[in-house]
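For reference, the structure discussed in these notes is given below.
There are 2 protein chains.
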Amino acid sequence: MSRDARWKSLLELLVERGRLEVEEAAAELEVSAATIRRDFDQLAEQQMLVRTRGGAVVHGVSYELPLRYKTARRASEKQRIARAVADLVSPGEAVGLTGGTTTTEVARALAVRGDLTAGSPALTIVTNALNIATELAVRPQFKIVVTGGVARPQSYELIGPLADGVLGQITIDLAVLGVVAFDVTHGAAANDEAEAAVNRLLCERAERVVVAADSSKLGRRAFARICAVGSVDTLVTDTAADEATVGLFEEAGLRVITV
Amino acid sequence: MSRDARWKSLLELLVERGRLEVEEAAAELEVSAATIRRDFDQLAEQQMLVRTRGGAVVHGVSYELPLRYKTARRASEKQRIARAVADLVSPGEAVGLTGGTTTTEVARALAVRGDLTAGSPALTIVTNALNIATELAVRPQFKIVVTGGVARPQSYELIGPLADGVLGQITIDLAVLGVVAFDVTHGAAANDEAEAAVNRLLCERAERVVVAADSSKLGRRAFARICAVGSVDTLVTDTAADEATVGLFEEAGLRVITV
DNA sequence: CAGCTTTCGAGCAGAATCAAGCATTATCTG
DNA sequence: CAGATAATGCTTGATTCTGCTCGAAAGCTG
Numbered sequence: 000m001s002r003d004a005r006w007k008s009l010l011e012l013l014v015e016r017g018r019l020e021v022e023e024a025a026a027e028l029e030v031s032a033a034t035i036r037r038d039f040d041q042l043a044e045q046q047m048l049v050r051t052r053g054g055a056v057v058h059g060v061s062y063e064l065p066l067r068y069k070t071a072r073r074a075s076e077k078q079r080i081a082r083a084v085a086d087l088v089s090p091g092e093a094v095g096l097t098g099g100t101t102t103t104e105v106a107r108a109l110a111v112r113g114d115l116t117a118g119s120p121a122l123t124i125v126t127n128a129l130n131i132a133t134e135l136a137v138r139p140q141f142k143i144v145v146t147g148g149v150a151r152p153q154s155y156e157l158i159g160p161l162a163d164g165v166l167g168q169i170t171i172d173l174a175v176l177g178v179v180a181f182d183v184t185h186g187a188a189a190n191d192e193a194e195a196a197v198n199r200l201l202c203e204r205a206e207r208v209v210v211a212a213d214s215s216k217l218g219r220r221a222f223a224r225i226c227a228v229g230s231v232d233t234l235v236t237d238t239a240a241d242e243a244t245v246g247l248f249e250e251a252g253l254r255v256i257t258v
Numbered sequence: 000m001s002r003d004a005r006w007k008s009l010l011e012l013l014v015e016r017g018r019l020e021v022e023e024a025a026a027e028l029e030v031s032a033a034t035i036r037r038d039f040d041q042l043a044e045q046q047m048l049v050r051t052r053g054g055a056v057v058h059g060v061s062y063e064l065p066l067r068y069k070t071a072r073r074a075s076e077k078q079r080i081a082r083a084v085a086d087l088v089s090p091g092e093a094v095g096l097t098g099g100t101t102t103t104e105v106a107r108a109l110a111v112r113g114d115l116t117a118g119s120p121a122l123t124i125v126t127n128a129l130n131i132a133t134e135l136a137v138r139p140q141f142k143i144v145v146t147g148g149v150a151r152p153q154s155y156e157l158i159g160p161l162a163d164g165v166l167g168q169i170t171i172d173l174a175v176l177g178v179v180a181f182d183v184t185h186g187a188a189a190n191d192e193a194e195a196a197v198n199r200l201l202c203e204r205a206e207r208v209v210v211a212a213d214s215s216k217l218g219r220r221a222f223a224r225i226c227a228v229g230s231v232d233t234l235v236t237d238t239a240a241d242e243a244t245v246g247l248f249e250e251a252g253l254r255v256i257t258v
């Protein structure tokens, strides 16, 4: 087990339980206690946790794990969805991407699309997600426009009035929305209201809106509503989606793509 | 198998799996481990992936191990300078960081400063550098404010009118300037005029301005001027700096710290 | 406060990984 | 075709990581 995988597991366990003992972690990850001690010390130096005698506790009050340390769930579904979303994009367009694991995969799928190398730029990407911007910034075929704002550690998204101000000045062809819940009656939703506000603004600036959501998100509700179903043009989800649920979205006028 | 094809395969495998080991990749592509290592190093230099011991990970998702700076020149000087700059910051302040390798080290030095854990937030960081924002975003002790703008691939800096607009709305205590040249008569300078413009604006919004520059930058000139010497309060450089040069800066009224 | 247990930190050995140099092969150029 | 250049594979010495041991320190108990 590599060190970064180990660190990721340690932080996941820590966030889950609030406190983690050296011996306990050593047993679960099947490495020696000395290694765990060294890991804890290094993570503590980076302020990712607080060292205690015998173990470690989470740092501060933040109990939500930053995206960076989460092991991706449903990774293959997300990648299939991402490829399908990437196919909806035409060369030369301006595409908006919100934050989240699915949209990050969309960014990667766009990066490896072979036909997007010509033109300058082949694609303009507008995003409020730091990780997406960082990953795509080195690709010469993309022009990356970042909204300003305050970074939300859990999702890497930039939020707040600064982001709203920047978004007010631009227009895009296609908005790709990563959501935590998407329901016919309650619409698309996020966990954080400031995040939802930025995402809503991005939708309003777009000609077409695509929701990228694996089937576990469908029919669910979440705290902060982004927009109504009527504002969305296309839904891309995986084949595990319930047929009845898909039917409801289609009745509501959406084009549904299952992959 | 040509190098281009190999690089393409490597990146595809990496995107698919998130992490790729040297030996594993060597076996799959049927080349020697030495070649894979060289490929990884070259791709890492182009920021297409992040090198780890034993393999590589997708850029932006996993760690940049804080103690590994293979490509950075003058790494130890930069780290010493960075620590000294970090010591100029008091808890609770708002600090602005421009882009560049030296300022990235300053960000890391701030992250490991032990006395910055109390309060919420202990420090507000304003930056137009994507890599700095991404690295610091997961630290709960910081509030990260990102200027919007268009990403410059070479330096990860956000530039353009969107960045200017956001900076006009904020005020900071301390601006840390990474420069490519700093001369008594010609002032601080960057390679790109749009970058210089954003940096200039950041200085204007700050009460104190610190230039962090290793000794090779002193007495040099570069294309795009950021500001005059008189706008700078403190210069932090390494002990290899020429004494006469340092004297000139002190005569000009700067506080010079050599480490 | 004394005695016991647990945990820590440092040092060491073995294994894995890396960097650099060199020989060989492939590719390009005129 | 000859020479130059670049890429690849192999070898070697150095570095890093991991697990183990042992004395010291910290915490617990009575």
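Chains as they are written, first to last, in numbering that gives the first Met the number 0: chain A, 0 to 258; chain B, 0 to 258. Using N, Cα and C, we set each Cβ at its ideal position, and we do this for glycine too. As the structure is a prediction and not an experimental result, all values here were calculated from the model.
Reduced DSSP category for residue i - H, G, I as helix; E, B as strand; rest coil
i	result
A/Phe39	helix
A/Gly229	helix
A/Asp172	strand
B/Leu28	helix
A/Arg50	strand
A/Val14	helix
A/Ala221	coil
B/Leu129	helix
B/Thr123	strand
B/Glu134	helix
B/Arg207	strand
B/Glu22	helix
B/Val165	helix
B/Thr236	strand
A/Asp213	coil
heavy atom of the ligand SAM below 7 Å from residue i C-beta
i	result
B/Val258	Among the components of this structure there are no ligands whatsoever, and the ligand SAM is therefore not found.
Extent of the continuous beta strand (DSSP E) to which residue i belongs
i	result
A/Leu109	Taken as a continuous stretch (DSSP letters only), A/Leu109 belongs to no beta strand (DSSP E), being part of the alpha helix (DSSP H) at Thr100 to Ala110.
B/Arg254	Arg254 to Thr257
A/Ala187	Gly186 to Ala189
A/Leu157	Glu156 to Ile158
A/Arg151	Gly148 to Arg151
A/Ala93	Ala93 to Leu96
B/Lys142	Phe141 to Val145
B/Asp182	Ala180 to Asp182
Counted within 10 angstroms of its Cβ, other Cβ atoms place residue i as buried (16 or more) or exposed
i	result
B/Arg138	buried
B/Ser75	exposed
B/Phe248	buried
B/Asp40	exposed
A/Gly229	exposed
A/Arg52	exposed
B/Phe141	buried
A/Lys77	buried
A/Asp191	buried
A/Gly261	The requested residue 261 of chain A does not occur in the structure, where chain A is confined to residues 0 to 258.
A/Gln168	exposed
A/Asp114	exposed
B/Gln46	buried
A/Pro152	buried
B/Phe181	buried
B/Ala132	buried
B/Glu134	buried
B/Asp3	exposed
A/Arg220	exposed
Opening and closing residue of the alpha helix (DSSP H) in which residue i lies
i	result
B/Glu242	Glu242 to Glu250
A/Ala196	Glu192 to Glu203
A/Lys77	Ala74 to Ala85
Best match in the options for proximity to residue i [C-alpha to C-alpha]
i	options	result
A/Ala106	A/Ala193, A/Ala136 and A/Pro120	A/Ala136
B/Ala224	B/Thr184, B/Glu249, B/Ala121 and B/Met0	Reading off the sequence, residue 224 of chain B comes out as Arg, not Ala. Closest option to B/Arg224, Cα to Cα, is B/Thr184.
A/Asp213	A/Asp3, A/Val255, A/Ser230 and A/Phe222	A/Val255
B/Ser215	B/Ala227, B/Ala240, B/Leu234 and B/Val231	B/Ala240
B/Leu217	B/Gln45, B/Ala55, B/Glu22 and B/Ala243	B/Ala243
B/Asn262	B/Ala85, B/Phe181, B/Asp163 and B/Asp38	Outside the modelled stretch of chain B, which goes from 0 to 258, sits residue 262 of chain B, for which no answer is possible.
A/Glu22	A/Arg2, A/Gly54, A/Leu12 and A/Arg37	A/Gly54
B/Leu120	B/Val144, B/Glu44 and B/Ala108	This sequence places Pro at residue 120 of chain B; Leu is not what is there. The shortest Cα separation from B/Pro120 among B/Val144, B/Glu44 and B/Ala108 belongs to B/Val144.
B/Arg204	B/Val88, B/Val49 and B/Val165	B/Val165
A/Thr233	A/Arg220, A/Gly246, A/Leu129 and A/Gly252	A/Gly252
A/Asp86	A/Ala32, A/Val14 and A/Leu122	A/Leu122
B/Ala93	B/Val125, B/Arg79 and B/Leu109	B/Val125
Could you say if the region 12-28 of chain A and the region 97-107 of chain B meet the contact criterion of at least three C-beta pairs nearer than 8 Å? The answer is no - the region 97-107 of chain B does not touch the region 12-28 of chain A, with fewer than three Cβ pairs under 8 Å.
Sufficient close CB pairs (3 or more, under 8 Å) joining the region 199-211 of chain A to the region 160-174 of chain A: A contact exists between the region 199-211 of chain A and the region 160-174 of chain A.
Does the pairing of the region 149-156 of chain A with the region 194-207 of chain A give three or more beta-carbon distances under 8 Å? The region 149-156 of chain A is in contact with the region 194-207 of chain A.
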